Amino acid sequence: QVMMAVNLGTRGIAEAMELLEYCNLDQGTHFSQLRKAHGYEKPHNIKLWCLGNEMDGPWQIGHKTAEEYGVWIKPVYCDLSDTAAIKEAFKQVMADKQPLHILVNNAGRMDEDKMFQMTSEADMRAIFDTNFFGTLELTRPATRLMARAKSGAVVNVASIAGLDGDSRLDYSASKAALIAATKKLAREMISLGIRVNAIAPGLTDTDLVKDLSEKVEAEQLEKVLMHRKAQPEEIAEVAAFMASDRASYVT
46 QVMMAVNLGT RGIAEAMELL EYCNLDQGTH FSQLRKAHGY EKPHNIKLWC
96 LGNEMDGPWQ IGHKTAEEYG VWIKPVYCDL SDTAAIKEAF KQVMADKQPL
146 HILVNNAGRM DEDKMFQMTS EADMRAIFDT NFFGTLELTR PATRLMARAK
196 SGAVVNVASI AGLDGDSRLD YSASKAALIA ATKKLAREMI SLGIRVNAIA
246 PGLTDTDLVK DLSEKVEAEQ LEKVLMHRKA QPEEIAEVAA FMASDRASYV
296 T
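My numbering numbers the first residue of the sequence shown as 46 and each following residue consecutively.
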């Protein structure tokens, strides 16, 4: 049975619900129909672990979703900036003694925009702890599990800021580091049958950018050919592709 772990960070459970619809629902939703359009008529019946640091409301939605869809969701809570907490959380994942096939590192932190000279070292370290080090600390035990089966896929959600530097320094640098780490991990992990890829979205309509000023948002959208923000569903479809066998030659 296929096992998927989704690292949600501070974003909520919407992406996990969409992945469940894509993989597990027979018909009747946008994502189940999308799976069929991709050539997979029957549901995949995955199990899903959610890892993140939201302790309240959104997870209750997850429990309700599990009941309604007849699937199994195991929320595992941890602070992704705390190495010890990540290790403890992953012990809970390993306790079920199930194989792990997919890891989606979707955690992200971006504070209000500041010039470098006005940003404290503590603030910069906090951004790196979530966006970079937390992702690597989670990827380490996940890929050990995948290596046992000589198969697996890791999808890191980076950012276009990691390529063009068009954000605050620490955020751009943390995503650039994640892209570089993805390239190196792809080289190291391929001999173990594990593919590692990164997605670098532009401005996306999530809580991460809800506090942007109208001026800053307009400036960012002016650089986008479509002059609009991406929708989370559009990014999720790319993540689903990268994690699936349809991308078996992509790493």
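Heads up, the beta-carbon is just placed ideally off N, CA and C, and yes, glycines get one too. Quick caveat, the model's predicted, so the values are computed rather than measured.
Self-check item: Whole-angstrom distance between Ala194 and Thr184, CA atom to CA atom
Solution: Against the sequence shown, residue 184 aligns to sequence position 139. Against the sequence shown, residue 194 aligns to sequence position 149. Spanning the two alpha carbons is a distance of roughly 16 Å.
Quiz item: Hey, how far is the Cα of Ala82 from the Cα of Thr74?
Solution: Along the sequence shown, read from residue 1 onward, the residue named residue 82 stands at position 37. Along the sequence shown, read from residue 1 onward, the residue named residue 74 stands at position 29. The straight-line gap from Cα to Cα measures roughly 12 Å.
Quiz item: Who pairs with Val295 in a beta bridge, going by DSSP?
Solution: The sequence position of residue 295 within the sequence shown is 250, counting from 1. Partner(s): none; Val295 has no beta bridge.
Quiz prompt | Residues of its chain near Glu279, where Cβ-Cβ distance is below 6 Å and the 5 sequence neighbours each way are ignored | solution = Looking up residue 279 in the sequence shown gives position 234. By the criterion of a C-beta distance shorter than 6 Å, Glu279 is surrounded by no residue of its chain, once the five residues flanking it on both sides are discounted.
Quiz item: In this structure, what does DSSP give as the bridge partners for Ile131?
Solution: As a first step, residue 131 must be located in the sequence shown, where it is residue number 86. BP columns for Ile131 are empty, so no partner.
Quiz prompt | Beta carbon of Ser236 nearer than 7 Å to that of Lys220 | solution = The residue given as residue 236 occupies position 191 in the sequence shown. The residue given as residue 220 occupies position 175 in the sequence shown. In this structure, Lys220 does not lie closer than 7 Å to Ser236 by Cβ.
Quiz prompt | One or two residues paired with Val241 in a DSSP bridge | solution = As a first step, residue 241 must be located in the sequence shown, where it is residue number 196. Val199, per the DSSP bridge assignment.
Practice problem: Just tell me which of Pro277, Phe177, Met271 has its CA closest to the CA of Ala218. | Solution: Numbered from 1 along the sequence shown, position 173 holds the residue referred to as residue 218. Comparing Cα-Cα distances from Ala218 to each of Pro277, Phe177, Met271, the minimum goes to Phe177.
Quiz item: If you draw a straight line from the C-alpha of Pro246 to the C-alpha of Arg154, how long is it?
Solution: Walking along the sequence shown from the start, residue 246 turns up at place 201. Walking along the sequence shown from the start, residue 154 turns up at place 109. Cα-Cα distance, rounded: 14 Å.
Quiz prompt | Same chain, Cβ closer than 6 Å to Leu70, five either side skipped, listed in chain order | solution = Taking the first residue of the sequence shown as position 1, residue 70 is located at position 25. Contacts found: Ser77.
Quiz prompt | Whether Val149 touches Ala284 by CB criterion (7 Å) | solution = Within the sequence shown, residue 149 is the residue found at index 104, counting from 1. Within the sequence shown, residue 284 is the residue found at index 239, counting from 1. Yes, the Cβ-Cβ distance between Val149 and Ala284 is below 7 Å.
Quiz item: Could you give the distance in angstroms between the alpha-carbon of Lys87 and the alpha-carbon of Leu65?
Solution: As a first step, residue 87 must be located in the sequence shown, where it is residue number 42. As a first step, residue 65 must be located in the sequence shown, where it is residue number 20. Cα to Cα, Lys87 sits roughly 13 Å from Leu65.
Exercise. If I'm right that Met287 touches Val200 with Cβ under 8 Å, what's the distance once you round it to whole angstroms?
Key: Along the sequence shown, read from residue 1 onward, the residue named residue 287 stands at position 242. Along the sequence shown, read from residue 1 onward, the residue named residue 200 stands at position 155. Correct: roughly 5 Å between the Cβ atoms.
Quiz prompt | Chain-order list of residues whose beta-carbon lies under 7 Å from that of Thr296 (same chain, five-residue window excluded) | solution = In the sequence shown, residue 296 corresponds to position 251, counting from 1. Excluding positions up to five away in sequence, the list reads Ala231, Ile235, Arg240, Val241, Asn242.
Quiz item: Is Thr251 helix, strand or coil by DSSP?
Solution: Position 206 of the sequence shown, counted from the first residue, corresponds to residue 251. Note: Thr251 maps to coil in three-state DSSP.
Quiz item: In three-state terms, what does DSSP make of Pro142?
Solution: The residue given as residue 142 occupies position 97 in the sequence shown. Going by the sequence as given, residue 142 is Lys instead of Pro. Of the three classes helix, strand and coil, the one that applies to Lys142 here is coil, per DSSP.
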